[in-house]
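> Quick one: the structure is below, and I'll ask about it shortly.
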Amino acid sequence: MIEILKPAELAQAKETGALVGRILHTLKDRCAVGTNLLDIDRWARDMIVEAGAESCYVDYAPSFGRGPFGHYICTAVNDAVLHARPYDRALADGDLLTLDLAVSKGGVAADAAISFIVGESRPPESVAMIETTERALAAGIAAAAPGARVGDISHAIGSVLREAGYPVNTEFGGHGIGSTMHQEPHISNTGRPGRGYRLRPGLLLALEPWIMADTAQLVTDADGWTLRSATGCRTAHSEHTIAITDDGAEILTLPSRVRS
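Structure, rendered in C-alpha cells:
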C-alpha cells in the first residue's frame, strides 16, 4: 500500500515528526556512561505516553521477528544495527549507540534514528561511519522531489556509502510511512537512477542509510530480533521521515522541529 496524505494528514505528520525528533534528542542528551538500555526504553515509554501518542514497536510482529517486539525503542550498541531490543546493559565510554524510534499520533506515524558515541572517547572509525550515514541521508533527501523516482534516492544514498568504502546490505532499507509504520515503496540503500515508483506530493518516506564497517552480512541474536554485523564490526544508522512537497522534500523529524 502506498498512501498519499491530504493536507490535514500532512499537518499531523509534522506534529508526529516533531515528537519523534524531541524524544530522540532528549534521550541522546540523557545517555551517558553507565546508562542502562532498559532505562532508555522506560524514558521513551514515558515521553510517548505523556504526549498522548502510541509506540509503533510494542506490538509490532512482522514475519522477520520473533513475536511482538515488546519495547518502545530500538537500542543498538556497537555491532548491533537494526531492530535491537533493549536489555540489561550499561553503556560504556566509547560505545556507538543507535536509537531508532517510531511513534504514531493522530493516526499518522513518523520514524527516525540517530547514531552517536557515548562518553568522552571519539574512535575515528566510529565518527567516520556516523558521518557517512548522515551524508548519505542528506544525499537521499536532496534526490527526493516530485517526479523523481525511488531509484534516484537509492542511487544517491548508495553512491555516498560506496564511495566511502562501505559494503551495502539490501535486505533492509527505507520505506513508505503514513497511517502505519512500514508501507511501500521499499527504498534500498543502493540502486539505479530512473527506476521505481515516481514520487508525488503528499507521500511520506522514511529514509535510513545504515552500514557495517567491513561486511554486508547480518546475523540475528537469540532474541529473534536484534540484527548484528556478522563479523562483530561496528555499525551506524541515520534516518529521517520526509514529506514530498511541490518543491522538493521537507524533513519532519529534525531537531529544529522540537517543540515544548
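Position 19 of the sequence shown, counted from 1, bears residue number 19 in full-length UniProt numbering, the numbering being contiguous throughout. Heads up, the beta-carbon is just placed ideally off N, CA and C, and yes, glycines get one too. Note that this is a predicted model, so its numbers are computed, not measured.
(1) For S115, which of helix, strand or coil comes out of DSSP?
(2) Should G67 go down as buried or exposed, given a rule of 16 or more other Cβ atoms within 10 Å for buried?
(3) Count the other C-beta atoms from every protein chain shown that fall within 10 angstroms of the C-beta of G191, then say buried if there are 16 or more, exposed otherwise.
(4) Among residues of its own chain, excluding the 5 on either side of R257, which ones have a beta-carbon nearer than 7 Å to its beta-carbon?
(5) For W43, does the three-state DSSP call read helix, strand or coil?
(6) What is the rounded straight-line gap between the Cα of V77 and the Cα of I2?
(7) Between A206 and T241, is the Cβ-Cβ spacing less than 8 Å?
(8) What did DSSP end up calling T75 once you bin it into helix, strand or coil?
(9) Relative to the C-alpha of D223, which candidate in E15, H71, D46 and I4 has its C-alpha closest?
(10) What's the gap between the Cα of S260 and the Cα of L24?
(11) Going by beta-carbon coordinates alone, are A109 and G178 separated by less than 8 Å?
(12) Between which two residues does the beta strand (DSSP E) containing R228 stretch?
(13) Since I believe T253 is in contact with A112 (beta carbons under 8 Å), could you give me their beta-carbon distance rounded to a whole number of angstroms?
(14) When you compare each of P7, L82 and E9 to M212 by their alpha carbons, which one comes out closest?
(15) Mind checking which residues open and close the alpha helix (DSSP H) that includes S104?
(16) What are the boundary residues of the beta strand (DSSP E) that L82 is part of?
(17) Starting from the C-beta of S121, find all residues in its chain whose C-beta is less than 7 Å away, skip the five residues before and the five after it, and write them out in chain order.
(18) Could you give the distance in angstroms between the alpha-carbon of C74 and the alpha-carbon of D29?
(19) Do you know whose CA, among K14, I48, A13 and Y57, lies nearest W225's CA?
(20) Which of the three DSSP states, helix, strand or coil, is assigned to T215?
(21) Please state the DSSP three-state secondary structure of A18.
(22) Where R162 and P185 are concerned, what is the direct C-alpha to C-alpha distance, given to the nearest angstrom?
(23) Taking P185 as part of the beta strand (DSSP E), name the residues at either end of that continuous run.
(24) Can you grab the Cα-Cα spacing for the pair A80 / V150, in whole Å?
(25) What's the call for I141, buried or exposed, on a 16-neighbour Cβ count within 10 Å?
(26) Among I40, G119 and P123, whose alpha-carbon lies nearest the alpha-carbon of A84?
(27) In the DSSP assignment, what residue or residues form a beta bridge with L91?
(28) Considering only C-alpha positions, which residue in the set G147, G196 and M47 is nearest to residue 330?
The answer reads as follows:
(1) On the sequence shown, residue 115 is found 115 positions in, with the first residue counted as 1. Note: S115 maps to strand in three-state DSSP.
(2) Residue mapping note: residue 67 aligns to position 67 of the sequence shown, counting from 1. Result: exposed.
(3) One-based indexing of the sequence shown puts residue 191 at position 191. That one is buried.
(4) Against the sequence shown, residue 257 aligns to sequence position 257. With a pLDDT of 44 at R257, under the threshold of 50, the modelled position of that residue is not reliable, and no figure is offered here.
(5) As a first step, residue 43 is located in the sequence shown; it is residue number 43 there, counting from the start. In the structure shown, W43 sits in a helix (DSSP, three-state: H, G or I).
(6) On the sequence shown, residue 77 is found 77 positions in, with the first residue counted as 1. On the sequence shown, residue 2 is found 2 positions in, with the first residue counted as 1. C-alpha separation (whole angstroms): 32 Å.
(7) By one-based count along the sequence shown, residue 206 stands at place 206. By one-based count along the sequence shown, residue 241 stands at place 241. In contact: A206 and T241 (Cβ atoms closer than 8 Å).
(8) Indexing the sequence shown from 1 puts residue 75 at position 75. Three-state DSSP puts T75 in a strand.
(9) The count along the sequence shown starts at 1 and reaches residue 223 at position 223. Among E15, H71, D46 and I4, the Cα nearest to that of D223 belongs to H71.
(10) Reading the sequence shown from its first residue, position 260 is the one you call residue 260. Reading the sequence shown from its first residue, position 24 is the one you call residue 24. At S260 the pLDDT is 36, less than 50, meaning the model places this residue with poor confidence; the figure from the coordinates comes in the next sentence. Taking the straight line joining both Cα atoms gives about 14 Å.
(11) Reading the sequence shown from its first residue, position 109 is the one you call residue 109. Reading the sequence shown from its first residue, position 178 is the one you call residue 178. The answer is yes: Cβ separation under 8 Å.
(12) The residue given as residue 228 occupies position 228 in the sequence shown. Bounds of the beta strand (DSSP E) holding R228 are L227 to S229.
(13) In the sequence shown, the residue the question calls residue 112 occupies position 112. In the sequence shown, the residue the question calls residue 253 occupies position 253. About 4 Å; that satisfies the 8 Å criterion.
(14) Taking the sequence shown and counting its residues from 1, one reaches residue 212 at position 212. The shortest C-alpha separation from M212 is found at L82.
(15) Position 104 of the sequence shown, counted from the first residue, corresponds to residue 104. Not the alpha helix (DSSP H): S104 falls in the beta strand (DSSP E), residues L96 to K105.
(16) Residue numbering aside, residue 82 sits at position 82 when the sequence shown is read from its first letter. From DSSP, the beta strand (DSSP E) with L82 extends over A80 to L82.
(17) By 1-based counting over the sequence shown, the position of residue 121 is 121. Within the same chain, S121 has close Cβ partners D93 and G94.
(18) Taking the sequence shown and counting its residues from 1, one reaches residue 74 at position 74. Taking the sequence shown and counting its residues from 1, one reaches residue 29 at position 29. When rounded, the distance between both Cα atoms is 16 Å.
(19) Taking the sequence shown and counting its residues from 1, the one referred to as residue 225 is at position 225. The shortest Cα separation from W225 among K14, I48, A13 and Y57 belongs to Y57.
(20) By 1-based counting over the sequence shown, the position of residue 215 is 215. T215: coil per DSSP, three-state reduction.
(21) Translated into positions along the sequence shown, residue 18 becomes position 18. Three-state result, A18: helix.
(22) Walking along the sequence shown from the start, residue 162 turns up at place 162. Walking along the sequence shown from the start, residue 185 turns up at place 185. Roughly 23 Å between the two C-alpha positions.
(23) As a position in the sequence shown, residue 185 is number 185, starting the count at 1. The continuous beta strand (DSSP E) containing P185 extends over residues Q183 to I187.
(24) Numbered from its first residue, the sequence shown carries residue 80 at position 80. Numbered from its first residue, the sequence shown carries residue 150 at position 150. Here the alpha carbons of V150 and A80 stand approximately 27 Å from one another.
(25) Counting from 1 along the sequence shown, the entry for residue 141 is found at position 141. By the Cβ neighbour-count rule, I141 is buried, with 16 or more other Cβ atoms within 10 Å of its own.
(26) Residue numbering aside, residue 84 sits at position 84 when the sequence shown is read from its first letter. For A84, the nearest C-alpha among the options comes from I40.
(27) Within the sequence shown, residue 91 is the residue found at index 91, counting from 1. Paired residues: none, contrary to the question.
(28) With the chain running from 1 to 260 in the structure shown, residue 330 is simply not present.
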